[in-house]
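Peer 1: Sequence lines, in order, name chains H and U. At the far end of the first sequence sits residue 341, using the numbering used here, and the numbering has no gaps. At the far end of the second sequence sits residue 1341, using the numbering used here, and the numbering has no gaps. Ideal Cβ positions, reconstructed from N, Cα and C, are used throughout, including at glycine.
2 protein chains.
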Amino acid sequence: MEAATLKDIARELNISVSTVSRALRDSYEINPETKRLVMECATRLNYRPNPIALSLKGSSSKALAVVVPQIANYYFSQAINGIEEVAQQRGYDVIIFQTHETYEREVAALRQALARRVDGLLISLSSETSTVAHLQEFQQHAPIVQFDRVSSQLATPRVVADNFAGAYAATEHLIKTGRRRIAHLTIQPWLSITQERLAGYRAALEQNCLAYDETLVRFGTFGPNEVGPLVDELLALQPPPDAFFTASDRLAVGCLAALRQRRLRIPADVSLIGFTNLTVADMLAPALSTVEQPATDIGREAVARLLDIIERKHRAAPPATVTMPTALHVRESTSLMDLTP
Amino acid sequence: MEAATLKDIARELNISVSTVSRALRDSYEINPETKRLVMECATRLNYRPNPIALSLKGSSSKALAVVVPQIANYYFSQAINGIEEVAQQRGYDVIIFQTHETYEREVAALRQALARRVDGLLISLSSETSTVAHLQEFQQHAPIVQFDRVSSQLATPRVVADNFAGAYAATEHLIKTGRRRIAHLTIQPWLSITQERLAGYRAALEQNCLAYDETLVRFGTFGPNEVGPLVDELLALQPPPDAFFTASDRLAVGCLAALRQRRLRIPADVSLIGFTNLTVADMLAPALSTVEQPATDIGREAVARLLDIIERKHRAAPPATVTMPTALHVRESTSLMDLTP
DNA sequence: TTTATTTGCGCAATCGTTGTCGGTAACGTT
DNA sequence: AACGTTACCGACAACGATTGCGCAAATAAA
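#1: Can Val1086/U and Ile96/H be called in contact, C-beta distance under 7 Å?
#2: I think Ala243/H touches Ala183/H, with their Cβ atoms under 8 Å apart; what is that distance to the nearest whole Å?
#3: With three or more beta-carbon pairs closer than 8 Å as the criterion, would you say the stretch 1126 to 1135 of chain U touches the stretch 1278 to 1287 of chain U?
#4: When we look at the beta-carbon of Pro224/H and count the other beta-carbons within 10 Å, is it buried (16 or more) or exposed?
#5: Is it right to say Leu1237/U is buried, meaning 16 or more other beta carbons lie within 10 angstroms of its own, or is it exposed?
#6: Which chain U residues sit within Cβ distance under 7 Å of Pro51/H?
#7: Less than 6 Å between C-beta atoms, sequence neighbours within five positions excluded: which residues of the same chain meet that for Ala169/H?
#8: Using a Cβ-Cβ distance under 7 Å, would Ala285/H count as near chain U?
#9: For a contact meaning CB atoms closer than 8 Å, what does Ser344/H contact in chain U?
#10: Please tell me whether Ala1072/U has its Cβ less than 7 Å away from any Cβ of chain H.
#11: Listed in chain order, which residues of the stretch 87 to 106 of chain H have Cβ atoms closer than 9 Å to some Cβ of chain U?
#12: So is Arg312/H in contact with chain U if we call contact Cβ pairs under 7 Å?
#13: Is it buried or exposed, Cys209/H, if we count other Cβ atoms within 10 angstroms and call 16 or more buried?
#14: Could you work out which residues of chain H lie near Gln1112/U, taking near to mean beta carbons separated by less than 9 Å?
#15: Counting along the chain, where does the beta strand (DSSP E) carrying Arg158/H start and finish?
#16: Distance check for Asp1297/U and Arg263/H, CA to CA, integer angstroms please.
#17: To the nearest angstrom, how far is it from the Cα of His141/H to the Cα of Leu114/H?
#18: Determine the DSSP secondary structure at Gly1120/U, reduced to helix, strand or coil.
#19: Taking Cβ-Cβ distances below 7 Å as the criterion, which residues of the stretch 1035 to 1064 of chain U are in contact with chain H?
#20: What residues of chain U sit near Gln78/H, judged by a beta carbon separation below 8 Å?
#21: By DSSP's criteria, Ala1063/U is part of a beta bridge. Which residues make up the other side?
#22: Please state whether the Cβ-Cβ distance between Thr1326/U and Asp1162/U is less than 7 Å.
#23: How is the alpha helix (DSSP H) around Thr1221/U delimited, first residue to last?
#24: Counting only runs of 4+ residues fully inside the stretch 22 to 71 of chain H, write out the alpha helix (DSSP H) ranges in chain order.
#25: Taking only three categories from DSSP, how would you classify Pro341/H?
#26: Does the separation of the CB atoms of Ser1055/U and Arg1117/U fall below 7 Å?
#27: Going by CA-CA distance only, name the one from Tyr1212/U, Lys1007/U and Pro1143/U that's closest to Ala1065/U.
#28: Does the beta carbon of His1329/U come closer than 7 Å to any beta carbon on chain H?
#29: What does a CB cutoff of less than 6 Å around Pro1341/U pick up in its chain, not counting 5 residues either side in sequence?
#30: Using a beta-carbon distance below 7 Å, is Leu1135/U in contact with chain H?
#31: Looking at the strands, I want to know which residues DSSP matches up with Gly166/H.
#32: Tell me where the alpha helix (DSSP H) around Leu272/H begins and ends.
#33: Roughly how far, in whole angstroms, is the beta-carbon of Ala1247/U from the beta-carbon of Phe1275/U, given that I think they are within contact range, below 8 Å?
#34: Just verifying my parser: in three-state terms, what is the DSSP assignment at Ile1187/U?
#35: Between Ala1281/U and Ile83/H, what straight-line distance do the alpha-carbon atoms span, to the nearest angstrom?
Right under this line is the structure:
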């Protein structure tokens, strides 16, 4: 059973294809009786408009592109979950691209998305991306909404977690539990989220009369075996840090592993808090304090914005930034400092 | 800058569209010199064939559909990672659908996929799915490869983990560490993976002269708060279980939480092993023994099979089953039984 | 009755690409 | 000189849907 087309209906009813098309779109210039016949026949033949033909015709492809650095990542898989949910609800399909954190693959992904004539793009920038010419080029064809890793050079709506507030809360919490030398392990310095978190961290320090010490802050793209050496470096400082604040899932887990490997007691020797979406955070040893980002909601919100632009044809979209609240979860890894020697 | 089309090249060179088309496809009936000109012009205009037009023409859409119950799931996000990687390498885009474990959304997803004229389908069945008519229907249009949750009623290649061996190894390991009353928490009984794991569990028991006790086996779709009561039920048995073997990520974590909440010592009172893809398994408290499935490899293998069928046009694909080895990771949660009272 | 106007529908172009067919030279063969 | 080959290229239709335009018939207004 092949998919029914307008032509099939037209043949069946001995009318022209154009009449069928108009009847289905409820055009005023079609006889109500004819409409009824066409509708009936369409449901009988289980007619569905061919999205490919529609795309070619140039109207809309009913498909969205999602470009993220990685799928196999707690944060992004949750975000995509939210995106797919809302998109599907509103009749759009989602095409996924991974950049694996490279600029090159990001460009390739955009090219693909363009070729597919997607109606819009949701993107979280790769860590290599520092220019946005490729995105501006894309923007001339379809609207973009950025989420999580966003660039301010690009005029689009942005949906992000409240990174400043989250980092501020985490840092302040560490200070209130008696920590004074707080190391911050974070990702590439040019990313918006890195800067915002760093700013929050710094603001909390200064609000609490602690000096900002840049030797305590480390940036990087930390592979599986790169966190250990870094932790060693930090621990060699005088005085050594008494707390670690990490900026991603990978870093939190890597740091936890490194600290445990080095037989440091958490939180007795150092405390640890992460910016993560680990659902198992409270099952870790020790239970990991975290700043949780509403990843699913960020996905939902981002795609909702995008679809509003697409459907209301607000081409000149308000490049507003939506900030979603983060939540501080205090667990064992940041208990009060043990002051007994 | 709009995307260049054949027409643009044709106009530029004052030749016909068909000639351009053939020149680019390196047809024998085009003058080498003309070909050169066309090629040069094509690269200059940055021409890319329009996949939409190609799809409409009926040849191939260069897109694959992936249908999974959930994206935000350690196992599936890793599998999709593998799928996307290989697909992208071989020039195919991936369209993702989530069924949220419902038959209805699975049918809807297949309909969408069909409308998009995808060249093939990778599917892991929803837990509600018991009939495969919708898949057979789909099969008449494009090839299917099943992975993980597969149905034997459907003649397609299948790529799965070695569930029997994995479950056997886990169970045997529990027995060798002194356990005798091994509970098995698993998912819906009609799923292939459930049955295979159950069979492996049972075989290991019987090989070791332990009776299979069906009151120790529980099936279900365990929501966030459903694991607790179940654990209570099992612990009320006489004698109570001294080990838990769970069949999924969610169950392993849920069970761990429930046991800890009830102040049972792991592994002193009970030991616990999961069938999971948790990357943080050895960071949990206690470090969780697991049977690890090669999710990424399963994804890679499945998509490779599918693309082979698509490209070699082996429509009558060998419905072979590829079994990928699992790995037993012994950690703290299944240490030797403590025999001191 | 003649002229407007409305109603209802079909024709044909369009989107980008490919396949079928046919045509025109230039050449070689008798 | 007449014919067949070969090499090369263009016109056209088709995929499925939308849309501007035109055309006929029916109705309304003159």
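Peer 2: Considering the structure as presented:
#1: no
#2: 7 Å
#3: Contact fails: fewer than three Cβ-Cβ distances are below 8 Å.
#4: exposed
#5: exposed
#6: Ala1115 and Arg1116
#7: Cβ neighbours of Ala169/H beyond the five flanking positions: Leu328.
#8: yes
#9: Here chain H has residues from 1 to 341 only, and residue 344/H is not among them.
#10: yes
#11: Gln88, Asp93, Val94, Ile95, Ile96, Phe97, Gln98, His100 and Arg105
#12: no
#13: Burial call: exposed.
#14: Pro51, Gln88 and Asp93
#15: Arg158/H -> beta strand (DSSP E) spans Arg158 to Ala161.
#16: 34 Å
#17: C-alpha separation (whole angstroms): 8 Å.
#18: strand
#19: Arg1048, Asn1050, Pro1051, Ile1052, Ala1053, Ser1055 and Leu1056
#20: Ala1072
#21: Asp1093/U
#22: yes
#23: Per DSSP, Thr1221/U belongs to no alpha helix (DSSP H) and is neither H nor E.
#24: 32 to 45 and 51 to 57
#25: Below a pLDDT of 50, predicted positions are generally treated as unreliable, and Pro341/H, at 47, falls in that range; no measurement from the model is reported.
#26: yes
#27: Pro1143/U
#28: no
#29: Residue placement at Pro1341/U cannot be trusted, given a pLDDT of 47 that sits under 50; what the coordinates show is reported in the next sentence. Once the five neighbours on either side are set aside, Pro1341/U has no close Cβ partner at all.
#30: no
#31: Answer is none; Gly166/H lacks a bridge partner.
#32: Not the alpha helix (DSSP H): Leu272/H falls in the beta strand (DSSP E), residues Ser271 to Thr276.
#33: 5 Å
#34: coil
#35: 28 Å
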